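Worksheet for the structure shown next.
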Amino acid sequence: MIKQVLELLFGADPELRQIIGVTLRMSVMSTLISALIGIPWGVAMGANQFKGKAILSRITNTLMGLPPVVAGLIVFLVLSRSGPLGKLSLLYSVPAMVIAQVVLISPIIAGMTANIVSLRAPSINETCAGIGINGWKRLWLTIKECRIPFVTSVLAGFGRSIAEVGAVQMVGGNIQFKTRVMTTAIMMQTNMGRFELAVALGIVLLIISFIVNSLVHRIQEQTLRDRTA
Amino acid sequence: MKRFALVVLCVGLLLSAAACKQEPVNKVIQMSTTTSVNDSGLMAYLQPVFEKDSGYTLEITSAGTGAAIEKGRTGDADILLVHSKSQEETFIGEGFDETRIPFMYNFFVIVGPADDPAGVAGKATAAEAFQAILDSGSLFISRGDNSGTHSKEKAIWASINVDPTGQAWYESTGSGMGATLTVADEKQAYTISDKATFLAHENSLSLLLEETDDMKNTYSVIAISPKRFADTNAAGAQAFIDWLKTDTARKMIAEFGVAKYGEALFFNMD
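First to last, the protein sequences are chains A and B. For the first sequence, this note's numbering gives the first residue as 1266, with consecutive numbering after it. For the second sequence, this note's numbering gives the first residue as 3, with consecutive numbering after it.
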């Protein structure tokens, strides 16, 4: 079994490569879109005091813990042929999986961003008031000031995206050469009692998680050093 | 008086020991079966009667035939109830003196969109129907999960010398029958299903072809040999096989589904 796993990992198994390719394409796309939604959402929430902030932050926190199968179910019902967006024929495609993941990940990025920003907002706001800038310019400055810890929240989103299985199985359908990703392939291969490909994919997933975590760790250390310096 | 009490006690103990001997030693039978048998409700219907008749308890897990047979290899089952002749023969060919006992059958069905763009309805064989689907360029959804239904599907493609893997008109879900029917319904595509699961599944697809000779679906039981795993419940497995041959079991199988669907879902082998 070990020999077969190594052959799969280092050989030129086209299906393994294709599955990894689809997975990365899906995760990168979902993370980018989620960052575009989640960062402004989080900054707006963290940097400002406004009416309804408490309820918005409670909703965001709830969505951060949204069970993937619930996100999958909602997106499935919306994209289904009998659903409101059925005409688009998006179900069982990579874009459908990206939509479900954006529903899952953008609240996570927003929540983490809001936490980062709320710690720094007072000093940034003071500076802005001092030099007389506000509105969109102040938002832009906040994003610029917090860009390094934001990378951490985006990478956390990516980690969630690549490891998620319930929602992508429901809206992607695990279709070979099309929507089959690492997690759904591992589940399927295990159900079929074929463990070699499952173990090989598991190793690849672990390696990617390790790289992402190392990046997060380095960024955190870097910011800590910057602050103490 | 004391002595009499002692004698009564001894006799009582002996009797209860003898009574215990009548009961099976290992009362739990682990059965690994295929989704079509379990999800159709057949096992849930047979189980209580078998348990009452035999004194055994059945613990049933269900998966596609490939995975169901794998549980026999890993020692996680005492008996298999599956439906893929080729995979069963590979399994018993591993040399543990096991036998494949076919005991019931039904037919696969080809289902697809109601307007049937490929003209599958009325074809004489599944092979002709698959050729028609291929010629019309319609989408076909495959289980792709090494199940009995998937084996049958592959055998039909092979019979018309077609290798559908990776073709644009062919999508493989790697999932169970229910999930595959959902995909076929959403995409208004063709697929092959066992009849029981198709009837139990809610979808807008139409049953287009059934009961052709090349879509016969035979279910067998295989008792796992103690030569494979010493602590397998061979006596329990044999008790289930014997029970399947009784008039009670045969009558139950023949009547299953008649009340709900107006027709039998499984037929006994002669």
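From the three backbone atoms N, C-alpha and C, an ideal C-beta is built for every residue, glycine too. These numbers were taken from a predicted model, which means no experiment stands behind them.
CB contact check: B:Ala69 to chain A, cutoff 7 Å: yes
Under 7 Å by beta carbon: chain B residues contacting A:Leu1356: Glu188
A:Val1430 Cβ short of 6 Å to the ligand GTP heavy atom set: Absent from the structure shown: the ligand GTP. Ligands present: none.
Buried/exposed call for A:Gly1438, threshold 16 Cβ in 10 Å: buried
Residue of B:Thr67, B:Glu53, B:Ala46 and B:Thr59 minimising C-alpha distance to B:Ser222: B:Thr67
Under 7 Å (Cβ pairs) to chain A, residues found in the region 39-61 of chain B: Cβ contacts with chain A: none found.
Beta-carbon separation (whole angstroms), B:Ile226 vs B:Asp99, contact threshold 8 Å: No, B:Ile226 and B:Asp99 are not in contact; Cβ-Cβ is about 11 Å, not under 8 Å.
Cutoff 7 Å: A:Gly1438 Cβ touching any chain B Cβ: yes
Sufficient close CB pairs (3 or more, under 8 Å) joining the region 1288-1301 of chain A to the region 1386-1403 of chain A: no
Any C-beta of chain B under 7 Å from that of A:Ala1277: no
Which listed residue (A:Gly1458, A:Leu1471 and A:Lys1268) has its alpha carbon closest to that of B:Glu72: A:Gly1458
Cα-Cα separation between A:His1482 and A:Thr1392, rounded to whole angstroms: Here the alpha carbons of A:Thr1392 and A:His1482 stand approximately 29 Å from one another.
7 Å Cβ cutoff, B:Lys23 in contact with chain A: Unreliable placement is indicated for B:Lys23, whose pLDDT of 47 sits below 50; no coordinate value is reported for it.
Check whether A:Leu1344 and A:Ala1365 have beta carbons under 7 Å apart: no
Which of helix, strand or coil DSSP assigns to B:Phe109: strand
Limits of the unbroken beta strand (DSSP E) element including B:Ala225: Lys218 to Ala225
Contact belief for B:Asp197 with B:Leu141 at Cβ below 8 Å, rounded distance in angstroms: In the sequence as displayed, the identity of residue 197 of chain B is Lys instead of Asp. At roughly 22 Å, the Cβ-Cβ gap does not stay under 8 Å, so B:Lys197 and B:Leu141 are not in contact.
Cβ of A:Thr1288 within 7 Å of any chain B Cβ: no
Element boundaries [beta strand (DSSP E), containing B:Ser195]: Thr193 to Asp196
Complete runs of the alpha helix (DSSP H) confined to the region 221-256 of chain B [at least 4 residues]: 236-246
B:Thr59: first and last residue of the uninterrupted alpha helix (DSSP H) it sits in: Here B:Thr59 belongs to no alpha helix (DSSP H); instead the beta strand (DSSP E) covers Thr59 to Ala65.
Which residues DSSP lists as bridging B:Gly114, in chain order: B:Ser208
Three CB pairs or more closer than 8 Å across the region 1427-1446 of chain A and the region 1405-1414 of chain A: no
Contact set for B:Gly238: own chain, Cβ-Cβ below 7 Å, skip 5 residues either direction: Pro26, Asn28, Ile31, Tyr58 and Asp80
Whether B:Ile112 touches B:Arg102 by CB criterion (7 Å): Taking 7 Å as the cut-off, the beta carbon of B:Ile112 is found no closer than this to the beta carbon of B:Arg102.
Contacting residues, own chain, Cβ-Cβ under 6 Å from B:Glu212 (five flanking each side not counted): Phe109 and Val111
Pair within 7 Å by beta-carbon distance, A:Ile1374 and A:Ser1418: yes
Minimum Cβ-Cβ distance from B:Asp147 to chain A less than 7 Å: yes
Extent of the continuous alpha helix (DSSP H) run through A:Ile1508: Residue numbering for chain A in the displayed model covers 1266 to 1494; residue 1508 of chain A lies beyond these limits and cannot be assessed.
Closer than 7 Å to chain A by CB, B:Thr92: no
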